[in-house]
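Undergrad:
Protein chains in written order, with this note's numbering: chain A, 1 to 347; chain B, 1001 to 1480.
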């Protein structure tokens, strides 16, 4: 028994070490085909872009770099949409760090979406998938641990979310099946070809997929029943109306945001957190945005200030814009960016 | 819980640890833990079906006790019937009810009588065909006084539900597995190492060979009319390979897992890919099922009718294969597959001269290897044709597949030849040929290679399994 267990442990250790070594040689975004392909494109065109947008599908499907570039031509902005589906805090912060570490990129501005912690549950199928934990290194595992301790979640929720991240962390480090993603070039090549065709990383939901796809069905369902969308809008209105009540913020989350701003400064990059509309809840962000230095924040989520962004005619589904909505949203970002710069100059 | 999932990857080490380090002081406690672990394993699919398995186990335990105390032949027979009706009743209801009702209605509709069709929405409990046959073997062997009935209810429950082989076999005989629950188990280094190797080899076969074959096979079988005859033939061959890699892969994982717990299970496949005749194939394929039918159906019937001539014997053969087909599923496609194999088998009987074994393959002089090669290829071709029935959703589809396969487009280059799949299938066959004298090709590797080489082999298998795995499919035999 002893000999068997020693051999098993030894072999397991060897596999673990090989796995860790292999992480060094692959792209930091090996688990996400979309990000990996976009990253490869950026490295290929390293001096073409000086502005990146990082975030979830709301950024990926909502920010049109062509509009940004034209509206902000006077600032010499040449932007790229680095958004990716299902990308939330803390993955967005991992991506931001990796981008900041990439010396090859010559960035001036970095927009990062502000979201609450991704509260995946242990029963959720996602914890199996490398897409959802490729970024989960020890540093971020520790960040999540501290985040949960300092959060407003119930004990039960903390346990569930913590267990989920813990199993994901273990999976990342022991799952041999990673090699499938680590060296899967065929799918990435396909995606790279896709992104290379349109060279700013943006595809709105309605131009991306053929009418027969599931996305089109989602759009049809949304059009036939907007009650969920209206409920969400009312909830967001309620939260913004009572935003003064939300004062409790997560200090570890806040500290992370400030650390990233400082890290970006050392690279002469202006990091701006972006709060987009149509989130399910803004409770956590509303407490944070009052504390983030104003030069590093653009908030376009307020339904009273941006009522058009909560109109169903600009929506593809409950949480995403259609092409028209994306263009309006992007124009708002450009306007706010100009205001931010004027304010900075005034200061 | 499937063997090729993370769930099982976590379940196995936890159960292993508790089994050897917490419950190892008392055999009954250890057996009770096996039952608990097996029930958890099974409940991963649907906990409600645990009651069926528990009912089946309890029924046969009580029947066993009844047979022990009963000496009168007639009463003993009644006890046997109680078990047969109880177990076959369960399987008949859950697996065959709709099939028989629909077949009955179709037959009478064809004769001009119409009936209202009332099929029930019944979910098939995973592995019911396997554990029912296993528990039946206990009762039949007790009835025949080949084994002593057990007084240990925990051991019997553990025998029926033992998780490594619960849902897809090998179908163990009480004579071989039950006594292992009476004795203290010890973990022998060689067995445990072989167990791990066998698990790894099984995973490779399932995830790399079977799942990749499945991708090509599914593509072709979904739209058969679009493909040339050569493509259809190739897909049929790849389905045979998928079936073998999938099911023997499962058996390897099951046998390997059992070794980690100090148990020895029956060998279920003996390199059927090297079969040189149809009877030879059936001695090598799904051995635990074919021997079950041989011992509990074919031989008793043949003995009862031994004076009635060769034709009766052939009829019994057909009946046995009919039931083997039906065992696989409530569909005429499986029955047709069974019957075709009966035709093959019966046709081969006059040519049976001597028993062929693995050692003769590749060790014969001059022209013999060529003959052996053509024998093997011929048999695989025949089997590939037969599995078209196994894979097709219904009889009409199977016939339309054959109709398209026997055409001039057989000389065309097959569409989308899956190079990766072909390479790994060939690799599996090559490894099978080299390791054919062993229980599985990587058995006792320490006798041939130093540790460094062995670890490189394991790493290569792990790498191939993770990198080249096909899209995940359920084990084919889970549906049975």
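We put the beta carbon where it would ideally sit given N, CA and C, even for glycine.
These figures come from a predicted structure and were not determined experimentally.
In three-state terms, what does DSSP make of residue 123 of chain A?
TA: Here residue 123 of chain A refers to the residue found at position 123 of the first chain. With a pLDDT of only 46 at residue 123 of chain A, under 50, the local geometry of the prediction cannot be trusted, and no value is derived from it.
Undergrad: Could you check whether residue 1346 of chain B and residue 1323 of chain B sit closer than 8 angstroms to each other, using their CB atoms as the reference points?
TA: For the purposes of this step, residue 1323 of chain B is taken as the residue at position 323 of the second chain. For the purposes of this step, residue 1346 of chain B is taken as the residue at position 346 of the second chain. Contact flag unset, no.
Undergrad: Would you call the segment 1412-1431 of chain B in contact with the segment 1168-1187 of chain B, where contact means no fewer than 3 C-beta pairs closer than 8 angstroms?
TA: Touching, no.
Undergrad: Candidates B:1024, B:1327 and B:1037: which alpha carbon is nearest residue 1157 of chain B's?
TA: The residue labelled residue 1157 of chain B in the question sits at position 157 within the second chain. Of the listed residues, the one whose Cα sits closest to residue 1157 of chain B is B:1037.
Undergrad: Out of B:1334, B:1053 and B:1444, point me to the one whose CA is closest to residue 1198 of chain B's CA.
TA: Residue numbering aside, residue 1198 of chain B sits at position 198 when the second chain is read from its first letter. Among B:1334, B:1053 and B:1444, the Cα nearest to that of residue 1198 of chain B is on B:1444.
Undergrad: So, is the C-beta of residue 234 of chain A closer than 8 angstroms to a C-beta in chain B?
TA: Within the first chain, the letter at position 234 stands for residue 234 of chain A. Interface with chain B (8 angstroms Cβ-Cβ cutoff): residue 234 of chain A is excluded.
Undergrad: Could you check how far apart the C-beta atoms of residue 92 of chain A and residue 110 of chain A are, in whole angstroms? I think they sit under 8 angstroms.
TA: Residue 92 of chain A sits at position 92 when you count from the first residue of the first chain. Residue 110 of chain A sits at position 110 when you count from the first residue of the first chain. About 11 angstroms separates the Cβ atoms of residue 92 of chain A and residue 110 of chain A, ruling out a contact at the 8 angstroms cut-off.
Undergrad: Does DSSP classify residue 64 of chain A as helix, strand or coil?
TA: The count along the first chain starts at 1 and reaches residue 64 of chain A at position 64. Reduced to three states, the DSSP call for residue 64 of chain A is coil.
Undergrad: Going along chain B in order, which residues have a C-beta closer than 8 angstroms to the C-beta of residue 4 of chain A?
TA: Here residue 4 of chain A is taken as the residue at index 4 of the first chain, counted from 1. Result: 1187, 1189, 1192 and 1193.
Undergrad: Tell me the start and end of each unbroken beta strand (DSSP E) in the segment 1086-1111 of chain B that is at least 3 residues and wholly inside, in chain order.
TA: none
Undergrad: Taking 8 angstroms as the CB-CB cut-off, is residue 1091 of chain B touching chain A?
TA: Here the question's residue 1091 of chain B lines up with position 91 in the second chain. Put simply, the CB of residue 1091 of chain B is far from chain A, with every gap to its CB atoms at 8 angstroms or more.
Undergrad: Could you list the residues in the segment 1419-1433 of chain B with a C-beta less than 7 angstroms from some C-beta on chain A, going in chain order?
TA: Considering only beta carbons, no part of the segment 1419-1433 of chain B lies closer than 7 angstroms to chain A.
Undergrad: Starting from residue 1328 of chain B, follow the beta strand (DSSP E) in both directions and report where the run begins and ends.
TA: One-based indexing of the second chain puts residue 1328 of chain B at position 328. Where residue 1328 of chain B is concerned, there is no enclosing beta strand (DSSP E), although the alpha helix (DSSP H) it sits in stretches over 1310-1328.
Undergrad: Going by DSSP in three states, residue 253 of chain A sits in which element: helix, strand or coil?
TA: Residue 253 of chain A sits at position 253 when you count from the first residue of the first chain. Three-state result, residue 253 of chain A: helix.
Undergrad: Could you list which residues in chain B have their beta carbon closer than 8 angstroms to that of residue 11 of chain A, in chain order?
TA: Numbered from its first residue, the first chain carries residue 11 of chain A at position 11. Here the neighbours are 1455 and 1458.
Undergrad: Does the separation of the CB atoms of residue 47 of chain A and residue 106 of chain A fall below 8 angstroms?
TA: In the first chain, the residue the question calls residue 47 of chain A occupies position 47. In the first chain, the residue the question calls residue 106 of chain A occupies position 106. Yes. Within cutoff.
Undergrad: In chain A, what lies closer than 9 angstroms to residue 1255 of chain B by C-beta?
TA: Here residue 1255 of chain B is taken as the residue at index 255 of the second chain, counted from 1. In chain order: nothing, as chain A lies at least about 17 angstroms away.
Undergrad: Taking buried to mean at least 16 other C-beta atoms within 10 Å of its own C-beta, is residue 1284 of chain B buried or exposed?
TA: Here residue 1284 of chain B is taken as the residue at index 284 of the second chain, counted from 1. Buried.
Undergrad: Out of A:39, A:270, A:154 and A:117, which has the shortest C-alpha to C-alpha gap to residue 297 of chain A?
TA: Translated into positions along the first chain, residue 297 of chain A becomes position 297. Answer by Cα proximity: A:270.
Undergrad: I'd like to know whether the C-beta of residue 1006 of chain B is nearer than 8 angstroms to at least one C-beta of chain A.
TA: In the second chain, the residue the question calls residue 1006 of chain B occupies position 6. Yes, residue 1006 of chain B lies at the interface with chain A (some Cβ there is under 8 angstroms from its Cβ).
Undergrad: Residues of chain A with CB under 8 angstroms from residue 1027 of chain B, in chain order?
TA: Working through the second chain from its first residue, we reach residue 1027 of chain B at position 27. Those within 8 angstroms of residue 1027 of chain B in chain A number zero; the least Cβ separation is about 17 angstroms.
Undergrad: With 9 angstroms as the C-beta to C-beta threshold (strictly closer), list the residues of the segment 12-45 of chain A near chain B in chain order.
TA: 14, 15 and 18
Undergrad: Below 8 angstroms between beta carbons: does that hold for residue 340 of chain A and residue 295 of chain A?
TA: Your numbering for residue 340 of chain A matches position 340 in the first chain. Your numbering for residue 295 of chain A matches position 295 in the first chain. Closer than 8 angstroms, so yes.
Undergrad: For residue 1453 of chain B, is the classification buried or exposed, using 16 other Cβ atoms within 10 angstroms of its Cβ as the cut-off for buried?
TA: In the second chain, the residue the question calls residue 1453 of chain B occupies position 453. With fewer than 16 other Cβ atoms within 10 Å, it is exposed.
Undergrad: Using 8 angstroms as the threshold, is the C-beta distance between residue 1059 of chain B and residue 1083 of chain B below it?
TA: On the second chain, residue 1059 of chain B is found 59 positions in, with the first residue counted as 1. On the second chain, residue 1083 of chain B is found 83 positions in, with the first residue counted as 1. Residue 1083 of chain B sits close to residue 1059 of chain B, with the two beta carbons spaced by under 8 angstroms.
Undergrad: Should residue 1136 of chain B be labelled buried (16 or more other beta-carbon atoms within 10 Å of its own) or exposed?
TA: Within the second chain, numbered from 1, the residue matching residue 1136 of chain B stands at position 136. It counts as buried.
Undergrad: Whole angstroms are fine: how far does the CA of residue 1004 of chain B sit from the CA of residue 1010 of chain B?
TA: Within the second chain, numbered from 1, the residue matching residue 1010 of chain B stands at position 10. Within the second chain, numbered from 1, the residue matching residue 1004 of chain B stands at position 4. Residue 1010 of chain B and residue 1004 of chain B: Cα-Cα distance of roughly 11 angstroms.
Undergrad: Judging by CA-CA distance, which residue of A:240, A:108, A:314 and A:18 is the nearest neighbour of residue 219 of chain A?
TA: The sequence position of residue 219 of chain A within the first chain is 219, counting from 1. For residue 219 of chain A, the nearest C-alpha among the options comes from A:314.
Undergrad: How far does the beta strand (DSSP E) with residue 79 of chain A in it extend, from its first residue to its last?
TA: As a working note, residue 79 of chain A is residue 79 in the first chain. Residues 79-81.
Undergrad: Against residue 1020 of chain B, what residues of chain A qualify as contacts under a CB-to-CB distance less than 9 angstroms, listed in chain order?
TA: Against the second chain, residue 1020 of chain B aligns to sequence position 20. Per Cβ cutoff of 9 angstroms: 1.
Undergrad: Determine whether the beta carbon atoms of residue 1274 of chain B and residue 1376 of chain B lie at a separation below 8 angstroms.
TA: Your numbering for residue 1274 of chain B matches position 274 in the second chain. Your numbering for residue 1376 of chain B matches position 376 in the second chain. In this structure, residue 1376 of chain B lies closer than 8 angstroms to residue 1274 of chain B by Cβ.
Undergrad: Let me confirm a value: residue 1248 of chain B is counted as buried when at least 16 other C-beta atoms fall within 10 Å, else exposed. Which label applies?
TA: For the purposes of this step, residue 1248 of chain B is taken as residue 248 along the second chain, with counting starting at 1. The residue is buried, with at least 16 neighbouring Cβ atoms inside 10 Å.
Undergrad: Name, in chain order, the residues that DSSP records as bridge partners for residue 270 of chain A.
TA: For the purposes of this step, residue 270 of chain A is identified with residue 270 of the first chain, where counting begins at 1. DSSP, once it has assigned bridges, lists A:109 as partnering residue 270 of chain A.
Undergrad: Find the nearest neighbour of residue 143 of chain A within the set A:87, A:78, A:254 and A:216, judged by alpha-carbon distance.
TA: The residue labelled residue 143 of chain A in the question sits at position 143 within the first chain. It is A:254.
Undergrad: With distance defined between alpha-carbon atoms, name the residue in B:1071, B:1329 and B:1019 nearest to residue 1094 of chain B.
TA: Taking the second chain and counting its residues from 1, one reaches residue 1094 of chain B at position 94. If we check each option's Cα against that of residue 1094 of chain B, B:1329 comes out closest.
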